[in-house]
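Undergrad:
Protein chains: 2
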Amino acid sequence: MTNASIITIGDELLIGQVIDTNSAWMGQELNKAGLWVNRRIAVGDRWEDIWKALDEASAASGIILITGGLGPTADDITKPLLSDYFHSRLVVNEGALQNVKYIFETVLQRPMIERNLKQAEVPEVCTVIQNKRGTAPGMQFEREGKVFVSMPGVPHEMKGMMTEEVIPFLKKKFELPFIAHRTLLTAGVGESFLADHIQEFESALPATIKLAYLPNYGMVRLRLTGMGNDHAQISEETDARFTELKAQVKEWIVTDEDISLQEALGKILKSRRQTLATAESCTGGYIAHLITSIPGSSKYFPGGLIPYQNSVKENVLNVQQHTLETAGAVSEETVKEMITGALNLFDSDYAVAVSGIMGPDGGTEAKPVGTVWIAVGNRHTTETRKLWFRFDRQRNIELTSTNVLNLLRKFILSQP
Amino acid sequence: MTNASIITIGDELLIGQVIDTNSAWMGQELNKAGLWVNRRIAVGDRWEDIWKALDEASAASGIILITGGLGPTADDITKPLLSDYFHSRLVVNEGALQNVKYIFETVLQRPMIERNLKQAEVPEVCTVIQNKRGTAPGMQFEREGKVFVSMPGVPHEMKGMMTEEVIPFLKKKFELPFIAHRTLLTAGVGESFLADHIQEFESALPATIKLAYLPNYGMVRLRLTGMGNDHAQISEETDARFTELKAQVKEWIVTDEDISLQEALGKILKSRRQTLATAESCTGGYIAHLITSIPGSSKYFPGGLIPYQNSVKENVLNVQQHTLETAGAVSEETVKEMITGALNLFDSDYAVAVSGIMGPDGGTEAKPVGTVWIAVGNRHTTETRKLWFRFDRQRNIELTSTNVLNLLRKFILSQP
Numbered sequence: 234m235t236n237a238s239i240i241t242i243g244d245e246l247l248i249g250q251v252i253d254t255n256s257a258w259m260g261q262e263l264n265k266a267g268l269w270v271n272r273r274i275a276v277g278d279r280w281e282d283i284w285k286a287l288d289e290a291s292a293a294s295g296i297i298l299i300t301g302g303l304g305p306t307a308d309d310i311t312k313p314l315l316s317d318y319f320h321s322r323l324v325v326n327e328g329a330l331q332n333v334k335y336i337f338e339t340v341l342q343r344p345m346i347e348r349n350l351k352q353a354e355v356p357e358v359c360t361v362i363q364n365k366r367g368t369a370p371g372m373q374f375e376r377e378g379k380v381f382v383s384m385p386g387v388p389h390e391m392k393g394m395m396t397e398e399v400i401p402f403l404k405k406k407f408e409l410p411f412i413a414h415r416t417l418l419t420a421g422v423g424e425s426f427l428a429d430h431i432q433e434f435e436s437a438l439p440a441t442i443k444l445a446y447l448p449n450y451g452m453v454r455l456r457l458t459g460m461g462n463d464h465a466q467i468s469e470e471t472d473a474r475f476t477e478l479k480a481q482v483k484e485w486i487v488t489d490e491d492i493s494l495q496e497a498l499g500k501i502l503k504s505r506r507q508t509l510a511t512a513e514s515c516t517g518g519y520i521a522h523l524i525t526s527i528p529g530s531s532k533y534f535p536g537g538l539i540p541y542q543n544s545v546k547e548n549v550l551n552v553q554q555h556t557l558e559t560a561g562a563v564s565e566e567t568v569k570e571m572i573t574g575a576l577n578l579f580d581s582d583y584a585v586a587v588s589g590i591m592g593p594d595g596g597t598e599a600k601p602v603g604t605v606w607i608a609v610g611n612r613h614t615t616e617t618r619k620l621w622f623r624f625d626r627q628r629n630i631e632l633t634s635t636n637v638l639n640l641l642r643k644f645i646l647s648q649p
Numbered sequence: 234m235t236n237a238s239i240i241t242i243g244d245e246l247l248i249g250q251v252i253d254t255n256s257a258w259m260g261q262e263l264n265k266a267g268l269w270v271n272r273r274i275a276v277g278d279r280w281e282d283i284w285k286a287l288d289e290a291s292a293a294s295g296i297i298l299i300t301g302g303l304g305p306t307a308d309d310i311t312k313p314l315l316s317d318y319f320h321s322r323l324v325v326n327e328g329a330l331q332n333v334k335y336i337f338e339t340v341l342q343r344p345m346i347e348r349n350l351k352q353a354e355v356p357e358v359c360t361v362i363q364n365k366r367g368t369a370p371g372m373q374f375e376r377e378g379k380v381f382v383s384m385p386g387v388p389h390e391m392k393g394m395m396t397e398e399v400i401p402f403l404k405k406k407f408e409l410p411f412i413a414h415r416t417l418l419t420a421g422v423g424e425s426f427l428a429d430h431i432q433e434f435e436s437a438l439p440a441t442i443k444l445a446y447l448p449n450y451g452m453v454r455l456r457l458t459g460m461g462n463d464h465a466q467i468s469e470e471t472d473a474r475f476t477e478l479k480a481q482v483k484e485w486i487v488t489d490e491d492i493s494l495q496e497a498l499g500k501i502l503k504s505r506r507q508t509l510a511t512a513e514s515c516t517g518g519y520i521a522h523l524i525t526s527i528p529g530s531s532k533y534f535p536g537g538l539i540p541y542q543n544s545v546k547e548n549v550l551n552v553q554q555h556t557l558e559t560a561g562a563v564s565e566e567t568v569k570e571m572i573t574g575a576l577n578l579f580d581s582d583y584a585v586a587v588s589g590i591m592g593p594d595g596g597t598e599a600k601p602v603g604t605v606w607i608a609v610g611n612r613h614t615t616e617t618r619k620l621w622f623r624f625d626r627q628r629n630i631e632l633t634s635t636n637v638l639n640l641l642r643k644f645i646l647s648q649p
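If you're matching them up, the sequences are chains A and B in order. When the letters of the first sequence are read in order and numbered with the working numbering, they come out as residues 234 to 649. When the letters of the second sequence are read in order and numbered with the working numbering, they come out as residues 234 to 649.
(1) Could you work out which residues of chain A lie near Leu447 of chain B, taking near to mean beta carbons separated by less than 7 Å?
(2) For Gln261 of chain A, decide whether its Cβ has a neighbour in chain B, counting only Cβ atoms nearer than 7 Å.
(3) Counting only runs of 3+ residues fully inside the segment 604 to 647 of chain A, write out the beta strand (DSSP E) ranges in chain order.
(4) Measure the CB-CB distance between Lys546 of chain B and Ala608 of chain B and report whether it falls below 7 Å.
(5) So is Phe534 of chain B in contact with chain A if we call contact Cβ pairs under 7 Å?
(6) Residues of chain A with CB under 9 Å from Val399 of chain B, in chain order?
(7) For Ile486 of chain A, which beta-bridge partners are listed by DSSP?
(8) Locate the alpha helix (DSSP H) running through Pro388 of chain B, then write down its first and last residues.
(9) How would you write the range of the alpha helix (DSSP H) that Met571 of chain B sits in, first residue to last?
(10) In terms of residues, what are the limits of the beta strand (DSSP E) holding Asn349 of chain A?
(11) Which bits of chain A does Pro410 of chain B rub up against, with CB to CB less than 9 Å?
(12) Have a look at His389 of chain A and Asp625 of chain B and give me their C-alpha separation to the nearest angstrom.
(13) As a quick exercise: from A:Pro535, A:Gly328, A:Ile296, pick the residue whose alpha carbon is nearest that of Leu214 of chain A.
(14) Just the Cα atoms here: how many angstroms apart are Asn264 of chain A and Gly249 of chain B?
(15) What is the rounded straight-line gap between the Cα of Arg506 of chain B and the Cα of Thr573 of chain A?
(16) Given a cut-off of 7 Å, decide if Thr511 of chain A and Ile520 of chain A are closer than it, judged by their beta-carbon atoms.
(17) Do you know how far the Cα of Pro535 of chain A is from the Cα of Arg660 of chain A?
(18) Is Thr254 of chain A close to chain B, meaning its C-beta is less than 7 Å from at least one C-beta of that chain?
(19) Can you tell me the Cα-Cα spacing of Asn236 of chain A and Val637 of chain B, whole angstroms?
(20) Mind pulling the chain B residues with CB within less than 8 Å of Asp317 of chain A?
(21) Would you verify that the beta carbon of Thr311 of chain A is, or is not, closer than 7 Å to some beta carbon of chain B?
(22) Would you mind telling me which residues of chain B sit closer than 7 Å to Thr419 of chain A, beta carbon to beta carbon, in chain order?
(23) Chain A partners of Thr525 of chain B, CB-CB under 7 Å?
(24) Using a C-beta to C-beta distance shorter than 7 Å, which residues of chain A count as neighbours of Val545 of chain B?
(25) Go ahead and label Ser647 of chain B buried or exposed: buried means 16 or more other beta carbons lie within 10 angstroms of its beta carbon, across all protein chains shown.
(26) Report the residues of the segment 455 to 476 of chain B with a CB closer than 9 Å to any CB of chain A, ordered along the chain.
(27) From the DSSP secondary-structure annotation, give me the bridge partner or partners of Ile283 of chain A.
(28) Taking the beta strand (DSSP E) that Thr241 of chain A falls in, what are its first and last residues?
(29) Indicate whether the contact test is met: 3 or more Cβ pairs, each with one atom in the segment 412 to 432 of chain A and one in the segment 445 to 458 of chain A, closer than 8 Å.
(30) Mind listing the chain B neighbours of Arg628 of chain A? Cutoff is C-beta to C-beta under 7 Å, in chain order.
(31) Have a look at A:Leu409, A:Met345, A:Ile431 and flag the residue whose alpha-carbon is nearest the alpha-carbon of Phe475 of chain A.
(32) What number of angstroms, rounded off, separates the C-alpha of Asn629 of chain A from the C-alpha of Thr615 of chain B?
(33) For Pro410 of chain A, collect the residues of the same chain with a Cβ closer than 7 Å to its Cβ; drop the 5 residues on either side in sequence, then sort them by chain order.
(34) Just the chain A side, please: which residues come within less than 8 Å of Asn271 of chain B by C-beta, in chain order?
(35) Classify Asn332 of chain A: buried if its beta carbon has 16 or more other beta carbons within 10 angstroms, exposed otherwise.
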């Protein structure tokens, strides 16, 4: 199988001021195309570090994809470096120049400065990949059968180039094997327990099919990957094993597609033609954000309320003042009343409600930081759970949201 | 300056099923401690790839930090590999064993299986770093003056170990220089334009102080980094340059601290003892999520509404049916009425409102995908803007949210 290396360039990655989401996306797309990413390296804007990374990557892989360091500012040195690395010199590329002018005049409608024109310079030996979304052109080099592609670090510019130019080119250039992924998502079971439970299944897998455990947000995704040259055979074999795997973990399955919990929930609601509303205090809109991150969610999500202060719980959701005073805002009674309030306010079939203490402050002895009450329900019945997370604010919010969505999913499926 | 390498291990990183947020956090913490991360490499669960990464990292850096591959499942091979790499053998560590038992009996309250006990095995030559948050112990090795530390990939376990054990140890072991960072955030100006505007400032910087441009979410962060052994001198020099820089970019400054836009906004609201409510249609709760990601935001954020369907805009926010029918949901008139509705519903000093088409579907010729109307206002006046983004759904949501928060920030500062 042809291996690919990813090199990302920029001090901001090493110092951690920017999280590298590009590499993850590139890994997914390359893998789908039948390429295995065998290393991914990030280096700073230093000549010798980038040079060394290029040497190492080309020793390890047949394809070297580079992102970043193509900006117009002085700290960006990728272009002159690549020019030297391939014993070339910088020349103005007419197509790139037209593109820079077009971007400034038509898209940005901002005056262009001298510095921007430098963006149209490329090493003479490269094949230019025009950037339809920005000013920095992509550059492709070949040496001893290996392909090097340099792309901007701006995510949507890189993604456009990869999808429209780079992946199609690599598919033509290399004879890529067929890769079949089958993924399912489980919730409510630990990685170790799962591994023990399917130990025999795993050890009986043929060499062409691999199993991976991908824990995330308190859930575990299981992925089978089949690889080979016979498209039909690999698909069939992977499907057969996947059926077997699903049977073995069926009590914990959220979905047998490679989709998120919120997408799985959306599919259920759509197929039942039912709607959902949210009333979230401590998660502050994150549950609604997850739901509405799915295109088409307006079909089943009329809306949500974030009653962050108690006055809003009282005035908009009709939670009783008495309840807030006696049981408190973080209580089973309150989230139950929030469900009723949300069903009424949004006229929805289902509602979810959360109230808790996400930290780092605000805890008491009786209700320490991380205490959350969650509820899901409809007009007839409501289910509640008390949760306790001991992580940081962001992770507490994420785990609470996941628990709410999964509890609702099970609740809906239990309804006639 | 002592260099550090970060090695992250796991197929899930290369295939992109997990985004590597650990490395960014580690880079930040190491940098604060006076260590420069000069490379960061991700490799899969393959013996020879991990081995090679260890060889390369120890050639490049004095400190090698490793995360991942310590789980209890068969695909995790980091521990036996490290044992071989340091010519050792696996033995049970009594402290780690007690910890595994404690975690299962007291924290998880789940039955422990044989596989979990394997977690207590470590290479005989290592110094064990006990893991207070999980079952996989950390391991520290030294060879020829270089330090190797292996930690679990689970973020909060790794973070705990780094903060409590690894960073304090490295500070003692190495003589670390002093690093001073000064960061400011700008909005409404492009990277190229900024670079031209402060070109003279940048070229006049001494060798001990570096300037970095960090564009993100349509804003540009500028960071000055001073480095040296004289704490007081470096602080003073960096402060002086920072004052100069602030003066030069003052018309675009959002904040001169290393904080987010939402945190800067929160500080303004807190100092004015005023409150903010949100009414967000197309951003689906993301603006409220940003606001409530800041601890203590309940002081100035009574709550928000997500009127995702028009019926909620009408029934809860009192947007006129006539407005929705004639101007449409995505219009200046609608977001203006949403502001009034939100101010009334939440009894707040300010409100923000958004309505738009985030894609990938739902656009028309008059209102293509990416069209968004935003509004900010108080009881007396409202400001509106029409935006048009041409990115993917997630990025459209993020950029809209940033624009709303910055427009509100400027609006508040313009009020008496």
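For glycine and all other residues, C-beta sits at the position ideal for the given N, C-alpha and C.
TA: This is what the structure gives:
(1) Residue numbering aside, residue 447 of chain B sits at position 214 when the second sequence is read from its first letter. Within 7 Å Cβ-Cβ: Glu245, Gln250, Val251.
(2) By one-based count along the first sequence, residue 261 of chain A stands at place 28. With 7 Å as the cut-off, Gln261 of chain A counts as an interface residue toward chain B.
(3) Qualifying beta strand (DSSP E) stretches, in chain order: 604 to 610, 615 to 621.
(4) Taking the second sequence and counting its residues from 1, one reaches residue 546 of chain B at position 313. Taking the second sequence and counting its residues from 1, one reaches residue 608 of chain B at position 375. With contacts defined as CB atoms closer than 7 Å, Lys546 of chain B and Ala608 of chain B fail to qualify as a contacting pair.
(5) Working through the second sequence from its first residue, we reach residue 534 of chain B at position 301. Yes - at least one Cβ of chain A is within 7 Å of the one on Phe534 of chain B.
(6) Taking the second sequence and counting its residues from 1, the one referred to as residue 399 of chain B is at position 166. Ordered by position in chain A, no residue passes the 9 Å Cβ test against Val399 of chain B, which lies about 15 Å from the chain.
(7) Taking the first sequence and counting its residues from 1, one reaches residue 486 of chain A at position 253. Its beta-bridge partners are A:Thr419.
(8) Locating residue 388 of chain B in the second sequence gives position 155, where the first residue counts as 1. Counting along the chain, Pro388 of chain B sits inside the alpha helix (DSSP H) bounded by residues 388 to 394.
(9) Here residue 571 of chain B refers to the residue found at position 338 when the second sequence is read from its first residue. Secondary structure note for Met571 of chain B: its alpha helix (DSSP H) is the uninterrupted segment 565 to 579.
(10) To locate residue 349 of chain A, count along the first sequence from 1; it is residue 116. For Asn349 of chain A, no beta strand (DSSP E) run applies; the uninterrupted alpha helix (DSSP H) run containing it begins and ends at 347 to 350, by DSSP.
(11) Stepping through the second sequence from its first residue, residue 410 of chain B is reached at position 177. What Pro410 of chain B touches in chain A, judged by beta-carbon distance under 9 Å, is nothing: the nearest beta carbon there is about 15 Å away.
(12) Translated into positions along the first sequence, residue 389 of chain A becomes position 156. Translated into positions along the second sequence, residue 625 of chain B becomes position 392. Taking the straight line from one Cα to the other gives about 8 Å.
(13) Because chain A in this structure spans residues 234 to 649, residue 214 of chain A falls outside the shown range and cannot be described.
(14) Translated into the one-based positions of the first sequence, residue 264 of chain A becomes position 31. Translated into the one-based positions of the second sequence, residue 249 of chain B becomes position 16. In a straight line, the C-alpha of Asn264 of chain A is about 9 Å away from that of Gly249 of chain B.
(15) As a first step, residue 506 of chain B must be located in the second sequence, where it is residue number 273. As a first step, residue 573 of chain A must be located in the first sequence, where it is residue number 340. If you draw a straight line from the Cα of Arg506 of chain B to the Cα of Thr573 of chain A, it is about 32 Å long.
(16) Within the first sequence, residue 520 of chain A is the residue found at index 287, counting from 1. Within the first sequence, residue 511 of chain A is the residue found at index 278, counting from 1. Yes, the pair counts as a contact, with Cβ atoms nearer than the cut-off.
(17) No statement about residue 660 of chain A is possible, as the shown extent of chain A runs from 234 to 649 and does not include it.
(18) By 1-based counting over the first sequence, the position of residue 254 of chain A is 21. Contact with chain B is found for Thr254 of chain A, since one of that chain's Cβ atoms lies less than 7 Å from the residue's Cβ.
(19) Within the first sequence, numbered from 1, the residue matching residue 236 of chain A stands at position 3. Within the second sequence, numbered from 1, the residue matching residue 637 of chain B stands at position 404. Whole-angstrom Cα-Cα distance: 44 Å.
(20) Here residue 317 of chain A is taken as the residue at index 84 of the first sequence, counted from 1. Those within 8 Å of Asp317 of chain A in chain B number zero; the least Cβ separation is about 20 Å.
(21) In the first sequence, counting from the first residue as 1, residue 311 of chain A sits at position 78. No, because no Cβ of chain B sits closer than 7 Å to the Cβ of Thr311 of chain A.
(22) Counting from one through the first sequence, the residue named residue 419 of chain A turns up at place 186. Identification of chain B residues near Thr419 of chain A by a Cβ-Cβ cut-off of 7 Å yields none; the smallest Cβ-Cβ distance measures about 14 Å.
(23) Residue 525 of chain B sits at position 292 when you count from the first residue of the second sequence. Neighbours of Thr525 of chain B on chain A, chain order: Gly517, Gly518, Tyr541.
(24) Indexing the second sequence from 1 puts residue 545 of chain B at position 312. Result: Pro535, Gly536, Phe579.
(25) Numbered from 1 along the second sequence, position 414 holds the residue referred to as residue 647 of chain B. Ser647 of chain B comes out exposed.
(26) If the cut-off is 9 Å between Cβ atoms, the segment 455 to 476 of chain B has Arg456, Thr458 near chain A.
(27) Walking along the first sequence from the start, residue 283 of chain A turns up at place 50. None, per the DSSP bridge assignment.
(28) The count along the first sequence starts at 1 and reaches residue 241 of chain A at position 8. That run of the beta strand (DSSP E) goes 236 to 242.
(29) In this structure the segment 412 to 432 of chain A touches the segment 445 to 458 of chain A; the number of beta carbon pairs closer than 8 Å is three or more.
(30) Within the first sequence, numbered from 1, the residue matching residue 628 of chain A stands at position 395. Within chain B, the residues near Arg628 of chain A are His389.
(31) By 1-based counting over the first sequence, the position of residue 475 of chain A is 242. If we check each option's Cα against that of Phe475 of chain A, A:Ile431 comes out closest.
(32) Locating residue 629 of chain A in the first sequence gives position 396, counting from the first residue. Locating residue 615 of chain B in the second sequence gives position 382, counting from the first residue. Distance between the alpha carbons of Asn629 of chain A and Thr615 of chain B is about 36 Å.
(33) One-based indexing of the first sequence puts residue 410 of chain A at position 177. Taking Pro410 of chain A as the centre and dropping the five residues before and after it, the same chain places the C-beta of Met234, Gly267, Met460, Gly461, Asn462 closer than 7 Å to its C-beta, in chain order.
(34) What you label residue 271 of chain B is simply residue 38 of the second sequence in a count that begins at 1. Chain A residues near Asn271 of chain B: Leu247, Val276, Gly277, Arg279, Asp282.
(35) Here residue 332 of chain A refers to the residue found at position 99 when the first sequence is read from its first residue. That one is buried.
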